[in-house]
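Chains as they are written, first to last, in the numbering used here: chain A, 1 to 319; chain B, 1001 to 1319; chain C, 2001 to 2319; chain D, 3001 to 3319; chain E, 4001 to 4319; chain F, 5001 to 5319. This report refers to the structure that appears directly beneath it.
If you want it as structure tokens, here you go:
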């Protein structure tokens, strides 16, 4: 290698300069404190849970009714240990951030209690996820079987992670639900905040670009397409100009609503009544009563037979 | 660890409750039946095919014309075995879902025949993918070389996986094409249904959020930007209210069409004539003749010098 | 296995046919030339840099101020070696593509010089990334702590990779910056071209579908939501119909601008003045002066109490 | 890299020459036939079995009486599948070698029957291995606990693998027992042929270099030290000069015998009577009655105060 | 697969039978108690320590004096954490075995104290290991450089692990030293008990089959060849017939002694005086004064020109 | 974790002390020089070579005569690159150790030349290894097939690695042959110095503890059992007391000789004539003419019906 070893001699000095920024530029390092939840372990928990919720599809082949108890029992036991530790870390870190003080041992005990409470929710989660899978099959004419939904539909992947994350958040687990929802976001392009409440038989088709905000409330049998935003209109601030966190900023979607691709629905007071249909690319910031159809007014398009100059460069294929 | 071992004693009971849901809540498990196609093997097939289609770019360094035959021959041989097994699994599962019955040995033999038929399509695939790579280079002023296209362009990654998946579907392989297209969707944010027919010299730029439906027909030299939806207007149902699956629901795009970002084109009868240009964010549900330019009418924007109250909270940076 | 070994006998012939396309169909293979930058090594460089920029969050647990120097020093040293080699490869390949000729040893030496110059930018990068993390916390009412930003926000992940890629490009490193930005695009759905210039305290929320073009110039304290495109209006061609590469094609966004979801701003001469607000789904192709608010004119929606026939099929859930 | 690409041009020709030897030089390749047992799978079976036989020591932490059923049940199920496949391969290959012919399906069925028969032997194996572990603790004054035996004693590792291999051989499984005993040999330096019959409470201390031949018969409570050979005196040949395989060629060791380091006992008719002691380095080719002690006659050593010339070079440390 | 699923139905019953043995056949399981030291972590500690003791030879390439501090500092920090946890586990388990009771927190604190005390011994260990490496170079005419010793000599590998294990044992760490010495035994065939005391400049050549007992005392500049046993003559028992553990049972070897291959020296009272030479295959159970040479008396061999019948079968190659 | 963070504050100081020993205690570090051969790469070369020499047995399943060319061609090409680099490193390091000086580029070129020369020896190696495998089958009555020899016999593994290492040494490659022979030693307990010359049809049975010295010369059809040493009698020194390296120190074994377990044959002038048989545990330091049988004289054993007191403690099992 032709690289010059003498030039490397500046690296120790550079290292010192970088480390110096760790004390000067605070906030974005995590040094000298208790351990944070471990991302890889959190992801492995999601994977374990998917194996339990949809047994036989992914990591382990050859499962049948005679051996599935062993497989699930083994996973549940491991999940108990992993979740206990990770929730304890999250609780400790949350207290540090908020300035609360608790006894160390408490964290482990609370973590275990939350882990067990969560695991008891799994049968219920399976029941509701079965309605979601069914809704996908019923709602997509390109779909041939429920197996295809479980195997291939990003919408089911996103709602599965969301239902897991939402349960943990409901139990008061800090930090971890957001890590889970971001993981699902990364995998699917669907960004559902763990705080959102979503009813059964929920179906997101294609899904890339969907954003569902923290305080959304969504009913049963709702169907959403790619690029839909259920967002906030604006953020309140307190007297000091700081954001007010936690109040309802995102819309309510009632039962049997369909929202087509790239529609945008904004505002905490916006309610879309049940059995309504929101058309593709609609931009809605107020409520509509049940059984309403909202579409874009016949969009005024400029249609010209001649291609305008500024678009022509694109067409250099023709020649 | 301070976690209480006695609390874990409830886990076996919980395990039994979860397993009980496997018989109560059907559909979303795969227990006691024949093996499904294995996702990891399918992904490895895509990776092997990319190494064959674009040799020298990714997994294996040091390929040259003198050794590439060995490398490719080795991959082809392995692909034959992997595809044979996976296609056989898919065929068997498809028969199970649809209630057909076939002899077990048939599946392996049919799988092998389909695998070999597919592998014979590779030279043709390379030829057409070379036109896609060229189209990307010609169509993006930020691009410096074809190498950059092969290495860095998600559009080429998506169309590569699509062309593979589409060939398999054309040969009658169930299930696996959708697994492949979902993998590409996850990697690139581009969701092309394996059923879509796409001509040569196809280029998707940026690509996130693009959705191309099952029955789309796309000509040669078509160029598409991020967020474009080529979708269905509505779904037909039969007398029992069930979706009618399989008929043409998505638009036809003729040769030399350019579709800019976030445009939405819907409907199985919608035809965009050749050499047309569809502008950014246009929403189109009817056909246009060749050589047409469609843009949004000068959008009516509300432009105010004063910032409205409901947007002000955002601006707390100023102070 | 029931597969027929005799059928495999055609594979060698097929292999030869495929290899024959490597000489017939050029461009999309990389055979017999010098090594390209290695994607996996480039990704590992990004991961190393994230560990240095945000120590204690991801790969390595148990970092504290007493041991972080060792950890960082070790990473810096390894980065020096990896970047030197990879940049040298990129320079060599760039010369090949452009037809320039240089001495072999030069590449290593130049690669090392660029690697060291880049590493010296790390303290500065940390300082500016701290403002980005702060902007995310200040700008999202759903966010509880800076830790959550570093751990969970795809926007921070995207801007981190961008700032790294942008520095390398500024130093004249070919190829690698685009590989890095595509990696970030794949992870987050946010596509920022390494050429874009972005000021401090930058925040992208949710982010899926965001596209920021090569010649964008973005000021300080800018905030962008999902689906925003900062793109080109049209591409210039030279006399031969080839694209003119490199001139300013993308907009300028001044300080303290907020751009809401799915807004599209196009054109190299378009300037959004400071302290402006661009509303959700706005489509803007001309400049606006500072302190301007641009929203869609009250969109004309068709709101009907009765659901139109063509949408009814969707509602088969009701029964 | 300075290596000359033109020199590599001879490699294809060389490859052809090597491949030509595959038909010319037979026997030591395995091409075009059915699959052999897979070494890595066989090793994973041994590891699974060790987890079942000695739960809690190695791969899986946190096992307790409440979850061990899941863990073991999962392993047993996987072992059933792995052993069924591997035994079927071994049976098929054995028929090929010996020129027998059987129906393909038979192999799987026979493999499964043998796998299940073997798994039913596990409770018995645990019982006898517990006597082996106890014998190690009782027989080594340096040993502090049974845990230490299970964790650290190569003798227990060797006898565990042997008892597994011996059971499989007893059931008529070809090939695999030898693969297992060689694996144990590689790990421990103790070479026990799967054919050897060994009673309970068996202890090998240190063990490196121990060889126990195919037709050995060893009673209960036998203790052996490193370097002991229980071998054959000579091999019989048939009229054609070929070895006669299978008859008893190795000694019989009765109950409560101790054999010290590096002793050699040879011959199929040699019987060491119970409660006998064979001293270190003894070379024995005939039987001894029970309760016999055999030691080397006071070895005649040459002891000189002066160091002979030919040994002096060793002592150049002195100077 | 032709295996019969109904036959698998007996596996749950078998699982229950196996689990039943966990309560019936005690001792050789580790269920429901505190965690044992983890073998894989212990091995990784040895590997880390080798990187520190002999930097630049194995896992990490490109170390130089400018970056080695970072590398070593990072390893030391990690070792502190790993050793603290593992020693704490070993102490807790030791108390359980011996029936002692201590406070939980104590284990961690004691573990840390022992870990730090051990780490402080590393400079001394390096100094003495340098004498061992030198002794190997000086003692083997086939050796070309010290690099070759560090890279290729199993004797150095064994003594390195021994010196580490011996230090830990000296500090009162239970269990782990034996795990380490067994790992070295498995790698090299050299079995040195951690209790043995060994002076500097120690060299074992080839080494397979060497056994050095717990209470051996070995001086400086001692050289040992393969197959040498330094063992016990016999074991004392107490009134109940139980072994007396811990008293001196193995020989003392003074400075500058050479012991040739396969020699056996036994007994706790046996002292080999300094500058003595013990010849190959000698069997010695009593002391010899300094400067003594002990060789086998000219062994009486039976040398016949005619090959005896019982050996002839071997020679069937001749024909 | 209860470990005290303040105690860790001494670790940086300790790190400095350790690093200080790198300059004080030389020789056993490799800092600041050119790269050494990489052990893991060397091992992967051995594994690749085994796949070429014995195709179809280990890493790759499903090889047949139709695809083996691809597999072998791919491996040969990779071996060329790996060996070229590693031999260049070894040559550079050898020059450094011996104080020679060469041009940098030379190393790569010489490395490539040696790599190619070595690869051309593979057909010859296969031919001779086939005789070794045959000799094992013919020489072991417990062996059922040649497949078993290739799969399970450590003797074949050792001689394979030796023949590879010996070829490299013959070509003048420093360092790497010893790394290979030590790897084989570690795997099999058989220690053959790469310098030893060994004829065809060589068989080592069991093998643990076998040592074959650097200057041994072994003819055809030789058979050796476990624990055999072919060693040096004594080492010559020069006037300064340094070892004379390189002259013949180890015995010559002529064709058709059999050496039984634990025999020791020493001395560079010792020649065992062809068709001789050396019995188990014989200790031989002089030559014997062809067709000689050497056995231990009927060993004088002390055989007592009563067990001596010093051995009794062993027998506490009886009670």
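Cβ coordinates follow ideal geometry from the N, Cα and C atoms, glycine included. Here the structure is a predicted model, which is why all the values come from computation and not from measurement.
Closer than 7 Å to chain F by CB, residue i
i                       : result
residue 4141 of chain E : yes
residue 1219 of chain B : no
residue 2111 of chain C : no
residue 4057 of chain E : yes
residue 3257 of chain D : no
Distance, residue j Cα to residue i Cα
i                       : j                       : result
residue 1153 of chain B : residue 191 of chain A  : 24 Å
residue 25 of chain A   : residue 2269 of chain C : 37 Å
residue 66 of chain A   : residue 3047 of chain D : 23 Å
residue 1189 of chain B : residue 208 of chain A  : 6 Å
residue 3043 of chain D : residue 244 of chain A  : 60 Å
residue 4135 of chain E : residue 4177 of chain E : 25 Å
residue 2149 of chain C : residue 2182 of chain C : 22 Å
residue 163 of chain A  : residue 4011 of chain E : 35 Å
residue 2250 of chain C : residue 1216 of chain B : 31 Å
Proximity below 7 Å, CB of residue i to CB of residue j
i                       : j                       : result
residue 4226 of chain E : residue 5186 of chain F : no
residue 3022 of chain D : residue 73 of chain A   : no
residue 3091 of chain D : residue 3107 of chain D : yes
residue 1111 of chain B : residue 1128 of chain B : no
residue 230 of chain A  : residue 213 of chain A  : yes
residue 3126 of chain D : residue 3036 of chain D : no
CB contact below 7 Å: residue i versus chain A
i                       : result
residue 2136 of chain C : no
residue 4066 of chain E : yes
Residues that residue i contacts on chain G, provided the C-beta gap is smaller than 8 Å
i                       : result
residue 2280 of chain C : Structure shown: chain G not included; protein chains present are A, B, C, D, E and F.
Chain-order list of residues whose beta-carbon lies under 7 Å from that of residue i (same chain, five-residue window excluded)
i                       : result
residue 5151 of chain F : 5057
residue 1206 of chain B : 1225, 1226
Any chain E beta carbon closer than 7 Å to residue i
i                     : result
residue 61 of chain A : no
Proximity test, Cβ basis, 7 Å: residue i and chain C
i                       : result
residue 1073 of chain B : yes
Any non-hydrogen atom of the ligand SAH within 6 Å of residue i CB
i                       : result
residue 5005 of chain F : Only the bare structure without any ligand can be found here, which leaves the ligand SAH out of the picture.
Same chain, Cβ closer than 6 Å to residue i, neighbours up to 5 away in sequence not counted
i                      : result
residue 220 of chain A : 199, 200, 201, 255
* Where the region 3196-3209 of chain D meets chain F: residues whose CB sits under 8 Å from a CB there -> So the close ones are 3201, 3208, 3209.
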